[in-house]
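Heads up: the structure comes next, in structure tokens.
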Amino acid sequence: MKLPSPFEETTNSSKPVQYRVYAIRAVLAMIMAFLIAQINLDYVESWLYDFRIRSQLFQRTSEKIELVYIKPSTVQAFKGQPNAKDQTAILYNLLAAHPRAVVYDFAIDDAQGSEEDKAEWANLIVQSTNVYVATPDTPLKGEERSLYLPLPFDHVRMVSAPKTSDTINFAKDRVTRRMLLSYQDSMMLPVTLAGFYNPDVLDFRKIRGYFDFYDTKQSFIDYRRPGSFPSTVFDDLANGKVDWTKFEDKIVIIGTDLNISESDYILTPYSRIPSAMTRIEMQANIIDTLIRNSSPVRMPTYVNWILLTLISILAIQIVLSMSPAMGLVILVGTLTGFSVISFTLFWLFGWWITMAAPLLAGFLVYYFFIPYRLIIENRRSWEYYQKNKLLSQVEELKTNFISMMSHDLKTPIARIQGMTDVILADQVQLSTQQREAVDTIKHSSDDLLKFISSILNYGKIQSEGVELHMQTKDINNVLQEVIRKHEFLAKVKRIQIVSELEPLFPIRMDPDLMRQVLSNLVENAIKYSPDDTKILVTSEERDERVVIQVSDQGPGIPEDELNNIFMKFFRSKNVKSTQIKGSGLGLYLAKYFTELHKGRIFVESKDGKGSTFTVELPMEQGGVNA
-18 MKLPSPFEET
-8 TNSSKPVQYR
2 VYAIRAVLAM
12 IMAFLIAQIN
22 LDYVESWLYD
32 FRIRSQLFQR
42 TSEKIELVYI
52 KPSTVQAFKG
62 QPNAKDQTAI
72 LYNLLAAHPR
82 AVVYDFAIDD
92 AQGSEEDKAE
102 WANLIVQSTN
112 VYVATPDTPL
122 KGEERSLYLP
132 LPFDHVRMVS
142 APKTSDTINF
152 AKDRVTRRML
162 LSYQDSMMLP
172 VTLAGFYNPD
182 VLDFRKIRGY
192 FDFYDTKQSF
202 IDYRRPGSFP
212 STVFDDLANG
222 KVDWTKFEDK
232 IVIIGTDLNI
242 SESDYILTPY
252 SRIPSAMTRI
262 EMQANIIDTL
272 IRNSSPVRMP
282 TYVNWILLTL
292 ISILAIQIVL
302 SMSPAMGLVI
312 LVGTLTGFSV
322 ISFTLFWLFG
332 WWITMAAPLL
342 AGFLVYYFFI
352 PYRLIIENRR
362 SWEYYQKNKL
372 LSQVEELKTN
382 FISMMSHDLK
392 TPIARIQGMT
402 DVILADQVQL
412 STQQREAVDT
422 IKHSSDDLLK
432 FISSILNYGK
442 IQSEGVELHM
452 QTKDINNVLQ
462 EVIRKHEFLA
472 KVKRIQIVSE
482 LEPLFPIRMD
492 PDLMRQVLSN
502 LVENAIKYSP
512 DDTKILVTSE
522 ERDERVVIQV
532 SDQGPGIPED
542 ELNNIFMKFF
552 RSKNVKSTQI
562 KGSGLGLYLA
572 KYFTELHKGR
582 IFVESKDGKG
592 STFTVELPME
602 QGGVNA
């Protein structure tokens, strides 16, 4: 059994074929989705994640964190970095303000001062249950001794509070986006501190968006813009230029901002500048995220697969079923809508929907299948060209055949007409029956000659066209000649032809062609009008144009046929059921000949109320060839 092509049109196909085509396209889309899923897009995805963070409009904090900075102004005020004695004095004052916790996030053993001052500071830290010393190190299980400092800080146990950065894994751009919750079942300091306000986070399973990575448990930081957390300069504490009550029930983090060591700073989603955010502000963001339990939640892998597949299917369907322009508009609109939804869900609910792969899938699948679409269209164009070429050859053969037959028929018909004229002119008296037979032969030959003339004119139009032989003539003379020619036919049906011809200036025209046009209109009016009716033929000058109208009291033309009345071989359904003969070429030729004169012909009619045909010719015109 032959499988249908996934590129074939399904509009005119049967439903089973349509379903098979759609199924094949879906399989192709899933294959493309699978291949795209193998591409590492962590860098692009992380950039889109950062952009979502930067574009958040309304941000709030837990208001439970205060930062204390040792800045260059502090070094200048203390003639160096604050020594152990200065640190001890400040710590006493901070503890008196009843903070929830005090955290030192710098190397306290590097502080200057006497051994006695250092020992006093160390003892105060050890004796205070809410004072912590953070370290970026995360020792292996069994190496916890490395968390203790050398003398005289040997009783001070540091607590791990490392910074993470996407260096080897994830985006590999050195940006800090994740926080470490635990390492080898050892809880990190930020989790402990956040647990003072939100005990739920002490159970990792209740931390929003947490995931396992090797021997760690991690989550993403819900960043706030730099400067979102209140801060105080260390020398303001020493000089008493601060309201100590603001530290009550707060987590106070003390760190450095000296622009000396790169380890004191991190790269963030907000900026890639090395000193964009201090390490202690990163700790504040981590603790604040845990207190609010607002970590962004990355959607499961299967959601990414579903989005990849759906967008791939959409892109393939667009490429193979729509015009390129419309397809591109729909695809761009869909991907834009998808992006807006992804951003909105992140801002409102913290749901991180993977965007890089679906967006890439949309454009990659679209442009991957465009060449196939072009190949198919080129193949179809070639097939259409060959069919059109064959049809043109057949049409040419048909036209040549008709022309040859028509020319061959004109001679015997002319002989028949000549013989009837001879018989009618003979002095021998004919019986009534014989005369009626001769009249019938004459009228039939006249009808046949008109039909052949129409066929010949049509053949000329289809082949080399019709050449105009322009002369200056009075159109009224042509009209009167046409009316006289058809008076006998009108008398047979007791039809009165009324002519109202205004005096007109002669115009440039081909008399023979215009005679055919007007003869066709008058003859049709007579043929299709019932007995004992009137036909009105008028001429006038209107807006620099000669206007001729032929009105009858015939059956009229149905409204749904008015647009087709001048088509070749068309005959109204009102006359098909009658015995009135016609080729369906008369009005087609009339329209063609009129337009050769740069004029126009149109009809006004109501079913059952007669018709009015109008011919408009310009007063001035030049000769043209069709």
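Residue -18 is where the sequence shown starts when you use the numbering used here, and the numbers rise one by one after that.
Virtual Cβ for every residue (Gly too), placed ideally from N, Cα, C.
Worksheet item: When you compare each of Ile202, Asp193 and Tyr195 to Thr42 by their alpha carbons, which one comes out closest?
Response: Within the sequence shown, numbered from 1, the residue matching residue 42 stands at position 61. Nearest option by C-alpha distance: Ile202.
Discussion item. Please identify the residue among Ser163, Asp147, Tyr195 and Asn505 whose C-alpha is closest to the C-alpha of Asp184.
Written reply: Stepping through the sequence shown from its first residue, residue 184 is reached at position 203. Cα-wise, what sits closest to Asp184 is Ser163.
Worksheet item: Relative to the alpha-carbon of Ser480, which residue among Lys370, Glu468, Ile422 and Leu517 has its alpha-carbon at the smallest distance?
Response: Here residue 480 is taken as the residue at index 499 of the sequence shown, counted from 1. Considering only alpha carbons, the answer is Leu517.
Worksheet item: Over what stretch of residues does the alpha helix (DSSP H) that includes Asp23 continue unbroken?
Response: Looking up residue 23 in the sequence shown gives position 42. Start and end: Asp23 to Arg35.
Practice prompt. Report yes if the CB atom of Pro484 is closer than 7 Å to the CB atom of Lys454, and no otherwise.
Written response: Here residue 484 corresponds to residue number 503 of the sequence shown, with the count starting at 1. Here residue 454 corresponds to residue number 473 of the sequence shown, with the count starting at 1. No, the Cβ-Cβ distance between Pro484 and Lys454 is not below 7 Å.
Discussion item. Could you check whether the stretch 194 to 201 touches the stretch 282 to 290, counting it as contact only if at least three pairs of C-beta atoms, one from each stretch, sit closer than 8 Å?
Written reply: The answer is no - the stretch 282 to 290 does not touch the stretch 194 to 201, with fewer than three Cβ pairs under 8 Å.
Worksheet item: Rounded to the nearest angstrom, how far is the Cβ of Tyr24 from that of Asp154, given a contact under 8 Å?
Response: The residue you call residue 24 lines up with position 43 of the sequence shown. The residue you call residue 154 lines up with position 173 of the sequence shown. Contact between Tyr24 and Asp154 holds, since their C-beta atoms are separated by about 6 Å, short of 8 Å.
Practice prompt. Assign Thr157 to one of two classes, buried (16 or more other C-beta atoms within 10 Å of its C-beta) or exposed (fewer than that).
Written response: Counting from one through the sequence shown, the residue named residue 157 turns up at place 176. Buried, by the Cβ-count rule.
Practice prompt. Could you check how far apart the C-beta atoms of Ala337 and Leu22 are, in whole angstroms? I think they sit under 8 Å.
Written response: Here residue 337 refers to the residue found at position 356 of the sequence shown. Here residue 22 refers to the residue found at position 41 of the sequence shown. Taking C-beta atoms under 8 Å as the contact rule, Ala337 and Leu22 qualify, at a distance of about 4 Å.
Item to complete: Please name the residue or residues paired with Trp332 in a DSSP beta bridge.
Response: The residue you call residue 332 lines up with position 351 of the sequence shown. Beta-bridge pairing links Trp332 to Val278.
Worksheet item: Who are the Cβ neighbours of Tyr347 in its own chain at under 8 Å, not counting the five residues just before and after it?
Response: The count along the sequence shown starts at 1 and reaches residue 347 at position 366. Sequence-distant Cβ neighbours of Tyr347 in its own chain, meaning closer than 8 Å and more than five residues away, are Ala296, Ile299, Val300, Gly308, Leu309 and Leu312.
Discussion item. For a test of your reading of the model: does the CB of Ser592 fall under 6 Å from any non-hydrogen atom of the ligand GDP? Yes or no.
Written reply: This structure lacks the ligand GDP; in fact it carries no ligand of any kind.
Item to complete: With Ile272 as the anchor, note down where its alpha helix (DSSP H) starts and where it stops.
Response: Working through the sequence shown from its first residue, we reach residue 272 at position 291. Where Ile272 is concerned, the enclosing alpha helix (DSSP H) stretches over Arg260 to Arg273.
Practice prompt. Could you round the C-beta distance between Thr575 and Glu585 to whole angstroms and report it? I think they count as a contact, below 8 Å.
Written response: Along the sequence shown, one-based indexing puts residue 575 at 594. Along the sequence shown, one-based indexing puts residue 585 at 604. The pair is not a contact, with the Cβ atoms about 16 Å apart (cut-off 8 Å).
Practice prompt. Compute the distance between the beta-carbons of Ile476 and Ser510, then report whether it is under 7 Å.
Written response: One-based indexing of the sequence shown puts residue 476 at position 495. One-based indexing of the sequence shown puts residue 510 at position 529. Ser510 is positioned such that its CB atom lies closer than 7 Å to that of Ile476.
Practice prompt. Please report the Cβ distance between Asn457 and Leu494, rounded to the nearest whole angstrom; I am assuming they are in contact, meaning their Cβ atoms lie under 8 Å.
Written response: Start at 1 with the first residue of the sequence shown, and residue 457 comes out as number 476. Start at 1 with the first residue of the sequence shown, and residue 494 comes out as number 513. 17 Å between Cβ atoms; not a contact.
Worksheet item: What does a CB cutoff of less than 8 Å around Met600 pick up in its chain, not counting 5 residues either side in sequence?
Response: Taking the sequence shown and counting its residues from 1, one reaches residue 600 at position 619. Closer than 8 Å at the Cβ level, and outside the excluded window around Met600, lie Phe486, Ile488, Glu522, Glu525, Arg526 and Val527.
Practice prompt. Kindly indicate which three-state DSSP category Glu585 falls into: helix, strand or coil?
Written response: Here residue 585 refers to the residue found at position 604 of the sequence shown. Assignment of Glu585 by DSSP, reduced to helix, strand and coil, places it in the strand class.
Discussion item. I'd like the list of long-range same chain contacts for Gly580, defined as Cβ closer than 7 Å, with 5 residues on each side in sequence excluded.
Written reply: Position 599 of the sequence shown, counted from the start, is the residue given in the question as residue 580. In its chain, beyond the 5 residues on either side, Val596, Glu597, Leu598 and Pro599 have a beta carbon closer than 7 Å to the beta carbon of Gly580.
Discussion item. I'd like the list of long-range same chain contacts for Ile51, defined as Cβ closer than 6 Å, with 5 residues on each side in sequence excluded.
Written reply: The residue you call residue 51 lines up with position 70 of the sequence shown. Within the same chain, Ile51 has close Cβ partners Phe215 and Thr237.
Worksheet item: On the three-state DSSP scale, how would you describe Asn41?
Response: The residue labelled residue 41 in the question sits at position 60 within the sequence shown. A small fix is needed here, since residue 41 is Arg in this sequence, not Asn. Reduced to three states, the DSSP call for Arg41 is coil.
Worksheet item: According to DSSP, is Phe324 helix, strand or coil?
Response: Here the question's residue 324 lines up with position 343 in the sequence shown. Three-state DSSP puts Phe324 in a helix.
Worksheet item: Can you tell which of Asn545, Leu577 and Leu288 has the C-alpha that lies nearest to the C-alpha of Phe15?
Response: By one-based count along the sequence shown, residue 15 stands at place 34. Of Asn545, Leu577 and Leu288, the residue nearest in Cα terms is Leu288.
Discussion item. If you follow the alpha helix (DSSP H) that Thr575 is in, where does it begin and where does it stop?
Written reply: As a working mapping, residue 575 is identified with position 594 in the sequence shown. Note, Thr575: alpha helix (DSSP H), Gly567 to Leu577.
Practice prompt. Closer than 7 Å by C-beta to Lys(-17): which residues in its own chain qualify, once you throw out the five before and the five after it? Chain order, please.
Written response: In the sequence shown, residue -17 corresponds to position 2, counting from 1. Note that Lys(-17) has pLDDT 43, beneath the 50 cutoff, so the model's placement of it is unreliable and no number is given.
Worksheet item: Which residue from Asp166, Thr335, Phe32 and Thr226 puts its Cα closest to that of Pro638?
Response: Lying outside -18 to 607, the shown extent of the chain, residue 638 is not represented and no answer is given.
Worksheet item: According to the neighbour-count rule (16 or more other Cβ atoms, all chains shown, within 10 Å of its Cβ), is Ile267 buried or exposed?
Response: Residue mapping note: residue 267 aligns to position 286 of the sequence shown, counting from 1. Ile267 counts as buried, since no fewer than 16 other beta carbons sit within 10 angstroms of its beta carbon.
Practice prompt. Just tell me which of Phe349, Asp513 and Trp286 has its CA closest to the CA of Met11.
Written response: As a working mapping, residue 11 is identified with position 30 in the sequence shown. With distances taken between CA atoms, Met11 lies nearest to Trp286 out of Phe349, Asp513 and Trp286.
Worksheet item: Lys590 and Gly537: beta carbons closer than 7 Å?
Response: The residue given as residue 590 occupies position 609 in the sequence shown. The residue given as residue 537 occupies position 556 in the sequence shown. The answer is yes: Cβ separation under 7 Å.
Fill in: Endpoints, the alpha helix (DSSP H) within which Asp614 is located
Residue 614 falls outside the range modelled here, since the chain spans only -18 to 607, and no answer is possible.
Worksheet item: Glu597 bridges to which residues according to DSSP?
Response: One-based indexing of the sequence shown puts residue 597 at position 616. Answer is Val528 and Arg581.
Worksheet entry | Candidates Glu448, Leu460 and Asp512, of which the one nearest Leu470 by Cα | Counting from one through the sequence shown, the residue named residue 470 turns up at place 489. Of the listed residues, the one whose Cα sits closest to Leu470 is Asp512.
Worksheet item: In terms of residues, what are the limits of the beta strand (DSSP E) holding Ile20?
Response: Taking the first residue of the sequence shown as 1, we reach residue 20 at position 39. Annotation for Ile20: no beta strand (DSSP E) segment contains it, and DSSP assigns it neither H nor E.
Item to complete: Can you give me the start and stop residues for the beta strand (DSSP E) that Arg465 sits inside?
Response: Taking the sequence shown and counting its residues from 1, the one referred to as residue 465 is at position 484. Following the DSSP letters along the chain, one finds Arg465 in no beta strand (DSSP E) but inside the alpha helix (DSSP H) bounded by residues Ile456 to Lys466.
Worksheet item: Could you give the distance in angstroms between the alpha-carbon of Ile106 and the alpha-carbon of Ile292?
Response: The sequence position of residue 106 within the sequence shown is 125, counting from 1. The sequence position of residue 292 within the sequence shown is 311, counting from 1. Ile106 and Ile292: Cα-Cα distance of roughly 58 Å.
Worksheet item: Going along the chain, which residues of its own chain have a beta-carbon closer than 8 Å to the beta-carbon of Gln40, five neighbours each way excluded?
Response: As a first step, residue 40 must be located in the sequence shown, where it is residue number 59. Residues of the same chain with a CB within less than 8 Å of the CB of Gln40, apart from the 5 flanking positions on each side, are Arg205, Arg206 and Ser209 in chain order.
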